[in-house]
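Novice:
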């Protein structure tokens, strides 16, 4: 199966914004969030999109 | 050796030469290199043979022999399939794919070039048989000129104005002029995109051009040609660095965003201008007769 336009993971520093139904990575700071997002982007072959200041998602296109 | 030997040899030679003349290798990398060329020249030779023998067949009043040309049609449809299949197979390995519309355009070009060879051979052999070798040569030259005219389609530069525009970020959104391209979250990626990225605005000159450049295949062709000519700053597994072309829904302008290896604005504008307008992408809304009654089909 080929996934298209699918949220692979979410990275957030705000526990209240935690989405359900996808893998969530909690981070303590913005720097950590960016680092995790960069790694996940490379690992998952997806693109890191910034939804808000404290929530990034990795999407497969 | 009979009276037809020389005209047939002449026709085949002219046909094959005209195929060689129509065989172009340029930055678009087709018909690729040596072996790809051999296939096309060989098929051109067969096409020349088919076109040539129609002349003597008419002279001998063997009119049923003309039906032989139907063989050519099926033969060359096969050429189109071959070209389409090969390019489709290879497309998934391109960093910036050609797209199906472009591939179909290339396949059509190869099929039609063989028909042009048949036409050239037929005309020059007939002229040789009816008049003499000089008439044959003149007919061949005229046929080659006509073929050349028929084989060259339009260019994007004829239907759009191309303007360079520095890409910029608004928050995480990447913009070329006022056209939203995509959301890039990581600041590091954003820096890369600003450093290597180039933006172009394609402004359609009329309504027809507006519909033509709206075609996704046509836009992909622009991205592919640009990436082939200037190189591309990306690798597999970096989908954030994919070149994109997005459309402004209000006025039909298309914003092109690319990440070339070589940041040469003048050259990039020339390359975009030289992108062929794909036959399958051309739309002509102005040709639609909207004044016809509503019942008219």
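Residue numbers (my numbering), protein chains in the order written: chain H, 1 to 61; chain B, 1001 to 1297.
Each residue gets a CB set at the ideal place from its N, CA and C atoms; glycine is no exception.
For residue 1168 (chain B), list the residues DSSP reports as bridge partners.
Specialist: B:1175
Novice: Which bits of chain H does residue 1187 (chain B) rub up against, with CB to CB less than 7 Å?
Specialist: By Cβ distance, chain H contributes 34.
Novice: Under 7 Å, CB to CB, which of the residues in the region 1213 to 1246 of chain B have a partner in chain H?
Specialist: Cβ proximity to chain H below 7 Å picks out 1237, 1239, 1240 from the region 1213 to 1246 of chain B.
Novice: Shorter than 9 Å from the beta carbon of residue 9 (chain H) to some beta carbon of chain B?
Specialist: no
Novice: Could you tell me which whole beta strand (DSSP E) segments of length 3 or greater appear in the region 1238 to 1281 of chain B?
Specialist: 1244 to 1247, 1254 to 1258
Novice: My output table needs one value for residue 26 (chain H): the three-state DSSP class, helix, strand or coil.
Specialist: Of the three classes helix, strand and coil, the one that applies to residue 26 (chain H) here is strand, per DSSP.
Novice: By how many angstroms is the C-alpha of residue 1042 (chain B) removed from the C-alpha of residue 1049 (chain B)?
Specialist: 11 Å
Novice: In the region 11 to 56 of chain H, which residue ranges form an unbroken beta strand (DSSP E) of at least 3 residues, counting only runs that do not cross its ends?
Specialist: 23 to 26, 47 to 52
Novice: Against chain B, does residue 50 (chain H) count as a neighbour if the rule is that its beta carbon must be under 9 Å from one of theirs?
Specialist: yes
Novice: Verify the CB distance criterion: does residue 26 (chain H) have a CB-CB separation below 9 Å to chain B?
Specialist: no
Novice: DSSP three-state call for residue 1023 (chain B): helix, strand or coil?
Specialist: coil
Novice: Going by C-alpha distance, which of B:1014, B:1260, B:1225 is nearest residue 1275 (chain B)?
Specialist: Taking only the C-alpha atoms, the option nearest residue 1275 (chain B) is B:1225.
Novice: Which residues mark the beginning and the end of the alpha helix (DSSP H) in which residue 1150 (chain B) is found?
Specialist: 1133 to 1151
Novice: Compute the beta-carbon to beta-carbon distance between residue 1217 (chain B) and residue 1257 (chain B), rounded to the nearest angstrom, for a pair I have assumed lies under 8 Å.
Specialist: Not confirmed; about 18 Å, so no contact.
Novice: Are the C-beta of residue 1197 (chain B) and some C-beta of chain H separated by less than 9 Å?
Specialist: no
Novice: Step through the CB atoms of chain B and report whether any lies within less than 9 Å of the CB of residue 4 (chain H).
Specialist: no
Novice: Among the residues of its own chain, which have a CB less than 7 Å from the CB of residue 1182 (chain B), if the five just before and after it don't count?
Specialist: 1174, 1244
Novice: With contact counted as at least three CB pairs below 8 Å, one residue from each stretch, are the region 1130 to 1146 of chain B and the region 1063 to 1070 of chain B in contact?
Specialist: Two segments are said to touch when three or more pairs of C-beta atoms, one from each, lie closer than 8 Å; by this definition the region 1130 to 1146 of chain B does not touch the region 1063 to 1070 of chain B.
Novice: DSSP on residue 1128 (chain B), reduced to helix/strand/coil?
Specialist: In the structure shown, residue 1128 (chain B) adopts helical secondary structure according to DSSP, grouped into three states.
Novice: Along the chain, where does the beta strand (DSSP E) containing residue 1200 (chain B) start, and where does it finish?
Specialist: Run containing residue 1200 (chain B): 1198 to 1204, per the beta strand (DSSP E) assignment.
Novice: State the DSSP-derived secondary structure class of residue 1180 (chain B), mapped to helix, strand or coil.
Specialist: Three-state result, residue 1180 (chain B): strand.
Novice: Any Cβ of chain H within less than 9 Å of the Cβ of residue 1294 (chain B)?
Specialist: Because residue 1294 (chain B) carries a pLDDT of 45, less than 50, the predicted location of this residue cannot be relied on, and no value is offered for it.
Novice: Got a sec? Which residues, its chain only, sit under 7 Å from residue 1083 (chain B) by beta carbon, not counting five neighbours each side?
Specialist: 1106, 1107, 1110
Novice: So, using beta-carbon positions, are residue 1212 (chain B) and residue 1272 (chain B) closer together than 9 Å?
Specialist: At the C-beta level, residue 1212 (chain B) and residue 1272 (chain B) stay beyond 9 Å of one another.
Novice: May I ask you to list, following chain order, the residues of the region 1057 to 1090 of chain B that have a beta carbon less than 9 Å from some beta carbon of chain H?
Specialist: Listed in sequence order: no entries.
Novice: Between which two residues does the alpha helix (DSSP H) holding residue 1070 (chain B) run?
Specialist: Residues 1068 to 1091.
Novice: Quick one: is residue 23 (chain H) near chain B, going by C-beta distance under 9 Å?
Specialist: no
Novice: Would you call residue 1252 (chain B) buried or exposed, if buried means 16 or more other Cβ atoms sit within 10 Å of its Cβ?
Specialist: Here residue 1252 (chain B) is buried. Its C-beta has 16 or more other C-beta atoms within 10 Å.
Novice: Do residue 1254 (chain B) and residue 1160 (chain B) count as a contact pair if the criterion is CB distance below 9 Å?
Specialist: yes
Novice: Check the Cβ of residue 54 (chain H) against every Cβ in chain B and list those closer than 9 Å, keeping chain order.
Specialist: Residues of chain B with a Cβ closer than 9 Å to the Cβ of residue 54 (chain H) do not exist, since the nearest Cβ in that chain sits about 12 Å away.
Novice: Please identify the residue among B:1113, B:1260, B:1061, B:1268 whose C-alpha is closest to the C-alpha of residue 1149 (chain B).
Specialist: Taking only the C-alpha atoms, the option nearest residue 1149 (chain B) is B:1113.
Novice: Tell me whether the region 8 to 18 of chain H and the region 33 to 52 of chain H touch, counting them as touching only if at least three CB pairs, one residue from each stretch, are closer than 8 Å.
Specialist: yes
Novice: Check the C-beta distance from residue 13 (chain H) over to residue 54 (chain H) and give it rounded, since I have them as a contact under 8 Å.
Specialist: In this structure residue 13 (chain H) is in contact with residue 54 (chain H), their Cβ atoms being roughly 5 Å apart against a cut-off of 8 Å.
Novice: If the criterion is Cβ atoms closer than 9 Å, does the pair residue 1006 (chain B) and residue 1054 (chain B) meet it?
Specialist: Here residue 1006 (chain B) is not near residue 1054 (chain B), since their CB atoms are 9 Å or more apart.
Novice: The alpha helix (DSSP H) spanning residue 1236 (chain B) covers which residue range?
Specialist: Looking at the DSSP string, residue 1236 (chain B) is not in any alpha helix (DSSP H), and its letter there is neither H nor E.
Novice: What span of residues does the alpha helix (DSSP H) with residue 1157 (chain B) cover, start to end?
Specialist: 1156 to 1159
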